[in-house]
Structures are given as C-alpha cells and as structure tokens.
Amino acid sequence: MTDTDLVHKKLAVIETCVQELRTLGHPADIRSDLREFRFSAYTLQIAIQAALDVAAHIVSGEHLGEPRTNRQLFELLVHHGWLPGELAAALHGMVGFRNIIVHAYESVDPKIVEGIVLHELDDLLAFVQAIRARLGG
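For the sequence shown, the working numbering gives the first residue as 37, with consecutive numbering after it.
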C-alpha cells in the first residue's frame, strides 16, 4: 500500500529543490564558481533522488512490477498510467545524471549541470504534478 503522506513529503522536497535552484542559484556561474557548481549539482541530486524514492515507493506499494534498474521504475509508472510516456525519457536522463553525481562525482561536467538547471527543472515539476494528479491531490 502506498503511503500517500510519505509520497507528498518527497514531492515537496522536489519542489523545494527546484525553487531553491531557481531563487538561490546562479546558473551563469556554475562553470566558474565551485560553490555554485556544487550547490547546483547536490541540489539536483536531492531532487532526483526524491523522485526515485517516490517511484520506488509507488512501484512497491502498488505491486507494479520488479524493476531491475532505477530507470525501469519510471517505465513501470508509465506502463501503469502514473506518468505520461514523454516524461520517461527526461527522467531516464536525470537518473543517469544522478548516477554520475553519486558514483563518478569527480567527472561531473559543469556544462551538464548548467543545462539541467536552465532547461530541465520543469520535468521534475511535471513528475510532481503527474503523481499528485494520480493520488487525487
């Protein structure tokens, strides 16, 4: 059974991270300022991890399948009508980015961080909206 309170808390974490990136961040400085780079990368990591946590909780709680990878979590949500299909590709890319931050942090490209902050935050908010809509609020 899906714990909707837990899911809503994780969704709020995603929204908070996006808001912080938009209000506290300075994307133009990511390539030249180590603090800005690390703030942006780490805040993205938190937001993406929260999305993965939500996906894993729903897949498990609703018995939607047995994913072998984090990317498959989003595919199962699409397959069972929790997410629109076009969102899955964007989320797959974010999972790959999160894996690099966590496992190969020394090779994170500041240009990629900047690109995500400038152009892909709405994908995280679309994920939040889709899950909330499915939960009924």
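Every residue gets a Cβ at the ideal spot worked out from N, C-alpha and C, and that includes glycine.
query	result
Which of helix, strand or coil DSSP assigns to alanine 87	helix
Three-pair Cβ contact test at 8 angstroms for the segment 132 to 152 versus the segment 43 to 51	no
CB contact flag (lysine 46, valine 90, <7 angstroms)	yes
Alpha-carbon to alpha-carbon, aspartate 69 and valine 149	12 angstroms
Whole-angstrom distance between aspartate 39 and proline 103, CA atom to CA atom	19 angstroms
Pair within 7 angstroms by beta-carbon distance, leucine 80 and alanine 92	no
Per-residue burial, valine 138 [other beta carbons within 10 Å of its own, 16 or more giving buried]	exposed
Meets three-Cβ-pair contact criterion under 8 angstroms: the segment 61 to 78 and the segment 111 to 129	no
Stretch-stretch touch, CB-based, cutoff 8 angstroms, three pairs: the segment 58 to 65 with the segment 114 to 121	no
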